[in-house]
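Protein chains: 2
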Amino acid sequence: MVQVAVVTFDGFNELDSFIASALINRCRGDGLEAFITTPAPTVTSMNGVEVGGQRPLGFAAEADVVLIGSGVRTRDVVADSPLLARLSLDPARQLIGSQCSGALVLAHLGLLGAMPVCTDLTSRPFVEARGVRVLDAPFHAEGNIATAGGCLASQYLATWVITRTLGEDAARAVLDYVAPVGENGETADRALRAAGGGGRPVSVSA
Amino acid sequence: MVQVAVVTFDGFNELDSFIASALINRCRGDGLEAFITTPAPTVTSMNGVEVGGQRPLGFAAEADVVLIGSGVRTRDVVADSPLLARLSLDPARQLIGSQCSGALVLAHLGLLGAMPVCTDLTSRPFVEARGVRVLDAPFHAEGNIATAGGCLASQYLATWVITRTLGEDAARAVLDYVAPVGENGETADRALRAAGGGGRPVSVSA
Numbered sequence: 001m002v003q004v005a006v007v008t009f010d011g012f013n014e015l016d017s018f019i020a021s022a023l024i025n026r027c028r029g030d031g032l033e034a035f036i037t038t039p040a041p042t043v044t045s046m047n048g049v050e051v052g053g054q055r056p057l058g059f060a061a062e063a064d065v066v067l068i069g070s071g072v073r074t075r076d077v078v079a080d081s082p083l084l085a086r087l088s089l090d091p092a093r094q095l096i097g098s099q100c101s102g103a104l105v106l107a108h109l110g111l112l113g114a115m116p117v118c119t120d121l122t123s124r125p126f127v128e129a130r131g132v133r134v135l136d137a138p139f140h141a142e143g144n145i146a147t148a149g150g151c152l153a154s155q156y157l158a159t160w161v162i163t164r165t166l167g168e169d170a171a172r173a174v175l176d177y178v179a180p181v182g183e184n185g186e187t188a189d190r191a192l193r194a195a196g197g198g199g200r201p202v203s204v205s206a
Numbered sequence: 001m002v003q004v005a006v007v008t009f010d011g012f013n014e015l016d017s018f019i020a021s022a023l024i025n026r027c028r029g030d031g032l033e034a035f036i037t038t039p040a041p042t043v044t045s046m047n048g049v050e051v052g053g054q055r056p057l058g059f060a061a062e063a064d065v066v067l068i069g070s071g072v073r074t075r076d077v078v079a080d081s082p083l084l085a086r087l088s089l090d091p092a093r094q095l096i097g098s099q100c101s102g103a104l105v106l107a108h109l110g111l112l113g114a115m116p117v118c119t120d121l122t123s124r125p126f127v128e129a130r131g132v133r134v135l136d137a138p139f140h141a142e143g144n145i146a147t148a149g150g151c152l153a154s155q156y157l158a159t160w161v162i163t164r165t166l167g168e169d170a171a172r173a174v175l176d177y178v179a180p181v182g183e184n185g186e187t188a189d190r191a192l193r194a195a196g197g198g199g200r201p202v203s204v205s206a
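Order-wise, the sequence lines are chains A and D. Just so it is clear: in the first sequence, position 73 is 73 by the numbering used here, and no numbers are missing. Just so it is clear: in the second sequence, position 159 is 159 by the numbering used here, and no numbers are missing.
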C-alpha cells in the first residue's frame, strides 16, 4: 500500500487537508491511502473543529508521499524548531507537496532549492521573504516536489499524487466521481491540465 | 448572527461537510457562521477521521440554515426513525439544503413535495425509489430548498447559502478567496451560475 501523510497542524484549513485526503482515499482499492497526520492526538481547525489525528507526525518520515496542509498558524509552526525537526522528509525517496502556507514549511525545511512555488496571497510575502519566487499559478511541480496555491487547488495536489503513483487514468476516475454532476469531463480535464505543471507532462510511473 | 447547521452523520464524506462549512465560515465577519452538527459528541468519517461535533443535532431545529451532508451510511440514517425524528426542520422559516445522499433525508422528512433534486449517482436509485425525480445537474433549488449532487458541488450549495443570506457580492468574495490562484474569476462565475439553479436568479435578500 502506498501511504500518504496529510500533515495537519492546529489552526488548519479544512479545505486544504480534507479535499486532498478525501480524493486520495478514493484510491484505497487501488493501493493508495491517505492519513490525517498530526503533531498531537487531536488538532483544532481554524473554524474550531476538533479532529483526531490518524497518524502521529513521525509517520511523515516513513510515508511514501507527504502533503503539508495549510492553516492560520503556519508561521508559529515554522518558528517552532523542535516541531520542524520532527518532520524528517527525503525528496529522493518521497513525493512531497504543499498546500498554500505549507510552502513556507517546505522553504524552512530547505526542500525548495531554486524552485519557484505556488501559495496563497496571504502567505506570499512570508514565502518571498525566504528568498523563494512565487508564481501566479495554482500548481507547480519540479521532480518530486509540488506546491499548490488557493484552497480549491488542493484537488490539483491530489491529482498530482494520484497521477504520479497510480497513473492518469486513476486520477481521471477519481475526478470524474467527485465532480459536480454533469461537469465530470471539464472538472477532470481542468485538474489534469493544472497538475501537469509548468507545461511538462506529469510522469505516469510511480 | 445567521447560523448554519451542517448536519454530519457517522460515515460522512469529508468533502461534503467541510467544503460547505469552510466556505460559509469565511463569512463569519459578515454575520454568517456554520457548525458541524452531529447526533453524537463525535462522528467518524467514511475514511476513519474522528471529528468532534460543534453542535448537537437539536441545533438544526433552531438554526437559520440547515445543510444535510452526505456519507456512506445515509440509508441507515433514514431507516432510523428516532434519529430522523430528532431532525425537526421548517422550510417556511429555514433555508434547507442537501448534498448528494442528503437528498434521501429530505425525501424521508417529506420536505421535497413535487420538487426534482440533484444527488450523486450512487444515491440516485434510492432517491428515485421514494418517487423523487433526479436531475442530470449539479444543483437545483426551489424556494427555500436546495439540493446538490457530486461532492465538489458542495461549493455550489455554500454559494447558494451565502447568496441567499448575504448577497451575491459576499459569495463572489468567498469564491475569489478559495479559488485556485489565477482561476478566481472563472471559479466564482461557475459557482454563481450553478447556484442560480434552474435558470432562475437566486434571491439576494435573506
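For glycine and all other residues, C-beta sits at the position ideal for the given N, C-alpha and C.
Worksheet entry | Residue range of the unbroken beta strand (DSSP E) whose run includes T8(D) | Note, T8(D): premise wrong, no beta strand (DSSP E); not H, not E.
Worksheet item: If you measure beta-carbon to beta-carbon, which residues of the stretch 146-176 of chain A are closer than 8 Å to chain D?
Response: A148, G149, G150, C151, L152, A153, Q155 and Y156
Fill in: Buried or exposed (CB count within 10 angstroms, at least 16 for buried), L213(A)
Residue 213(A) lies beyond the range of chain A shown here (1 to 206); nothing can be said about it.
Practice prompt. Would you mind telling me which residues of chain D sit closer than 8 Å to T187(A), beta carbon to beta carbon, in chain order?
Written response: L152
Practice prompt. Just the chain A side, please: which residues come within less than 9 Å of A21(D) by C-beta, in chain order?
Written response: Sequence check: residue 21(D) is Ser here, not Ala. Within 9 Å Cβ-Cβ: E14, N47 and V49.
Discussion item. Can you pull the chain A neighbours of I68(D), defined as C-beta to C-beta under 7 Å?
Written reply: The premise fails here: I68(D) is roughly 17 Å from chain A at the closest Cβ pair, so nothing lies under 7 Å.
Worksheet item: Any C-beta of chain A sitting closer than 9 Å to the C-beta of F18(D)?
Response: yes
Discussion item. At the 9 Å Cβ level, is A107(A) part of the contact set with chain D, yes or no?
Written reply: no
Discussion item. Using the three-state DSSP reduction, which class does G256(A) fall into: helix, strand or coil?
Written reply: A question about residue 256(A) goes unanswered here, because the residues of chain A that appear run from 1 up to 206.
Item to complete: Would you kindly work out how many angstroms separate the C-alpha atoms of V66(D) and T44(A), rounded to a whole number?
Response: 23 Å
Discussion item. Checking 9 Å against the spacing of the C-beta atoms, do Q3(A) and G48(D) come in under that value?
Written reply: no
Worksheet item: With a CB to CB cut of under 7 Å and the five nearest residues on each side skipped, what residues in its chain are close to M46(D)?
Response: G11, F12, N13, G71 and V72
Worksheet item: Roughly how many angstroms separate the alpha carbons of Q155(D) and Q99(D), rounded to a whole number?
Response: 10 Å
Worksheet item: Would Q54(D) count as contacting chain A if we go by Cβ distances under 9 Å?
Response: yes
Item to complete: Measure from the C-beta of T37(D) to each C-beta in chain A and report whether the shortest distance is under 9 Å.
Response: no
Practice prompt. Excluding the 5 residues preceding and the 5 following V187(D) in the sequence, name in chain order all residues of the same chain whose CB lies nearer than 6 Å to its CB.
Written response: Reading off the sequence shown, one finds Thr at residue 187(D), where the question assumed Val. Correct list, in chain order: L175 and A179.
Worksheet item: Would DSSP call G53(D) helix, strand or coil?
Response: coil
Discussion item. Quick check on DSSP: helix, strand or coil for V161(A)?
Written reply: helix
Item to complete: Could you pull out every residue in the same chain whose Cβ sits closer than 6 Å to the Cβ of T74(A), ignoring the five residues on either side in sequence?
Response: S101 and L104
Worksheet entry | Where A194(A) meets chain D, residues with beta-carbon distance less than 9 Å | P180 and E183
Worksheet item: Residues of chain A with a CB under 9 Å from the CB of D120(D): which are they?
Response: Y177 and V181
Item to complete: Would you check if there are 3 or more beta carbon pairs closer than 8 Å linking the stretch 18-38 of chain A to the stretch 164-174 of chain A?
Response: yes
Worksheet item: Helix, strand or coil for Q155(D) per DSSP?
Response: helix
Worksheet entry | Helix, strand or coil at P201(A) [DSSP, three-state] | With a pLDDT of only 39 at P201(A), under the threshold of 50, the placement of this residue in the model should not be trusted, and no figure is reported.
Practice prompt. Have a look at the DSSP bridge pairing and note the partners of L67(D).
Written response: V6(D) and G97(D)
Discussion item. Could you check whether F9(A) and T38(A) sit closer than 9 Å to each other, using their CB atoms as the reference points?
Written reply: yes
Worksheet item: Expressed to the nearest angstrom, what Euclidean distance is found between the alpha-carbon atoms of G199(A) and M115(A)?
Response: Only weak support exists for where G199(A) lies, its pLDDT of 38 falling under 50; the value from the coordinates is given anyway. Computed Cα separation, rounded: 15 Å.
Worksheet item: Is the distance from the Cβ of C151(D) to the Cβ of V134(D) below 9 Å?
Response: no
Discussion item. Using a Cβ-Cβ cutoff of 8 Å, what residues of the stretch 58-83 of chain A are near chain D? List them in chain order.
Written reply: none
Worksheet item: What residues are listed by DSSP as bridge partners for V134(A)?
Response: V117(A)
Discussion item. Just to make sure I have the definition right: I need the residues of chain A whose C-beta is within less than 8 Å of the C-beta of A137(D). Which are they?
Written reply: V181 and G182
Discussion item. Strictly below 7 Å CB to CB, what residues from chain D border N25(A)?
Written reply: N47
Worksheet item: Around the Cβ of L23(D), are there at least 16 other Cβ atoms within 10 angstroms (buried) or fewer (exposed)?
Response: buried
Worksheet entry | Proximity to V127(A) [Cα-Cα], best of A141(A), F139(A), P138(A) and L112(A) | L112(A)
Discussion item. Counting only beta-carbon separations shorter than 9 Å, does A141(D) have a partner in chain A?
Written reply: no
Worksheet item: Hey, is A5(A)'s beta-carbon within less than 9 Å of any beta-carbon in chain D?
Response: no
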